[in-house]
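Participant: Numbering (this note's numbering), first residue to last: 166 to 396.
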Amino acid sequence: MSNTGRKKKLASFNCDQRKWEQFIACCNSKGTTATATLLEFIDLYLGDSQDKIDTKGGNDLDERLDSKIKASVEKYLVTSNNSNSSPSNETIIAICERLDKLESEFSNESNSNQTTVIDNLANLEQKIEKMTAQMTQLAEAIIKIQDYLNNQQKRGQKSYYNNSSYSGQSPRMQPLTEEGLAKRLGVSEETVRKERINLPPPLFVAWCKNKDRAGLGWEFNQNTGFYQPAS
């Protein structure tokens with residue numbers, strides 16, 4: 166508190182902003198001020214009617230307190246703002262309109278965020294569907310390649326047997342070690358091993374066929390550890 170004159174002090178206290186504005190508006194409607202109302206209430210409480218105030222209940226006491234406190238709140242607000250004019254109804258209306266505007270902006274932002282999430286989910290579903298379709302096409306292409314290689318292998322074996330020097334009997338190729346296959350294909354063992362690991366079985370058969378002098382495709386048997394002509 167600070168001195169405001171002889172035997173007078175400026176009193177201040179915390180109050181809810183909305184209640185404070187409602188208090189001032191009520192004081193204005195009754196033609197009084199917040200300060201006057203609070204001072205009257207203090208005088209009445211400290212005066213001869215203190216006992217009566219403490220024991221009196223009901224709507225009459227509530228109405229009197231409401232009127233006096235609202236008038237004092239208005240005066241306090243004016244003093245705190247170093248202004249000679251009291252807040253008008255237009256000020257209160259402007260504050261309410263500002264609150265409504267903020268609420269509307271918040272609501273629009275929430276709706277916008279929700280719409281963005283929905284759009285992102287839709288885009289994700291479309292990407293997943295597209296990837297699934299591409300994987301299906303890739304699987305179909307691999308099956309076609311495998312069928313083509315099998316047919317080519319059969320035709321190559323038939324041609325080799327027809328041109329063989331052993332008439333009346335088709336030669337049967339024996340399984341080869343990795344070293345034996347490397348020599349047959351004219352490459353190193355490391356190259357054979359690398360291609361077998363990196364290529365799918367059908368493509369490895371095709372690679373061997375392209376390197377083999379007789380046009381044979383070779384496949385690796387996991388059980389025996391040997392390379393044998395592709396069936």
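Glycine included, each C-beta is placed from N, C-alpha and C at the ideal position.
Apply the 10 Å Cβ neighbour rule to residue 298 and answer buried if 16 or more other Cβ atoms are within range, or exposed otherwise.
Facilitator: In the sequence shown, residue 298 corresponds to position 133, counting from 1. By the 10 Å Cβ count, residue 298 comes out exposed.
Participant: Below 8 Å, how does it come out for the stretch 362-377 and the stretch 311-320: are there three or more Cβ pairs, yes or no?
Facilitator: As far as the Cβ criterion goes, the stretch 362-377 touches the stretch 311-320, which means the pair count is three or higher.
Participant: Taking the C-alpha atoms as reference points, what is the distance between residue 200 and residue 176?
Facilitator: The residue you call residue 200 lines up with position 35 of the sequence shown. The residue you call residue 176 lines up with position 11 of the sequence shown. Looking at the two C-alpha atoms, the distance is approximately 10 Å.
Participant: Is it right to say residue 358 is buried, meaning 16 or more other beta carbons lie within 10 angstroms of its own, or is it exposed?
Facilitator: Along the sequence shown, read from residue 1 onward, the residue named residue 358 stands at position 193. Classification for residue 358: exposed.
Participant: Write down the C-beta distance between residue 350 and residue 373 rounded to the nearest angstrom, noting that I regard them as a contact closer than 8 Å.
Facilitator: Reading the sequence shown from its first residue, position 185 is the one you call residue 350. Reading the sequence shown from its first residue, position 208 is the one you call residue 373. 6 Å between Cβ atoms; contact.
Participant: Using alpha carbons as the reference points, say which of 319, 264, 381 lies closest to residue 338.
Facilitator: Taking the first residue of the sequence shown as position 1, residue 338 is located at position 173. Nearest C-alpha to residue 338: 381.
Participant: For the beta strand (DSSP E) containing residue 341, list its first residue and its last residue.
Facilitator: Reading the sequence shown from its first residue, position 176 is the one you call residue 341. From DSSP, residue 341 is part of no beta strand (DSSP E); its letter is neither H nor E.
Participant: Under DSSP, the alpha helix (DSSP H) around residue 366 begins and ends at which residues?
Facilitator: Reading the sequence shown from its first residue, position 201 is the one you call residue 366. Note, residue 366: alpha helix (DSSP H), 366-376.
Participant: Mind checking which residues open and close the alpha helix (DSSP H) that includes residue 172?
Facilitator: Position 7 of the sequence shown, counting from 1, holds the residue named residue 172. No alpha helix (DSSP H) contains residue 172, which DSSP labels as neither H nor E.
Participant: Roughly how many angstroms lie between the CA atoms of residue 261 and residue 272, to the nearest whole one?
Facilitator: As a first step, residue 261 must be located in the sequence shown, where it is residue number 96. As a first step, residue 272 must be located in the sequence shown, where it is residue number 107. Going from the Cα of residue 261 to the Cα of residue 272 covers about 16 Å.
Participant: Does the beta-carbon of residue 293 have 16 or more other beta-carbons within 10 angstroms, so that it is buried, or is it exposed?
Facilitator: In the sequence shown, residue 293 corresponds to position 128, counting from 1. It counts as exposed.
Participant: Run the CB neighbour count on residue 211, radius 10 Å, all protein chains shown included, and call it buried at 16 or more, exposed below.
Facilitator: By one-based count along the sequence shown, residue 211 stands at place 46. It counts as exposed.
Participant: Check this for me: beta carbons of residue 186 and residue 258, under 8 Å apart or not?
Facilitator: Indexing the sequence shown from 1 puts residue 186 at position 21. Indexing the sequence shown from 1 puts residue 258 at position 93. It is not a contact, given that the beta carbons lie outside the stated cut-off.
Participant: Using 8 Å for Cβ pairs, my map puts residue 383 next to residue 395. What's the rounded Cβ distance?
Facilitator: To locate residue 383, count along the sequence shown from 1; it is residue 218. To locate residue 395, count along the sequence shown from 1; it is residue 230. Correct: roughly 6 Å between the Cβ atoms.
Participant: Going by the DSSP bridge assignment, what does residue 393 pair with across the sheet?
Facilitator: Counted from its first residue, the sequence shown places residue 393 at position 228. Beta-bridge pairing links residue 393 to 384.
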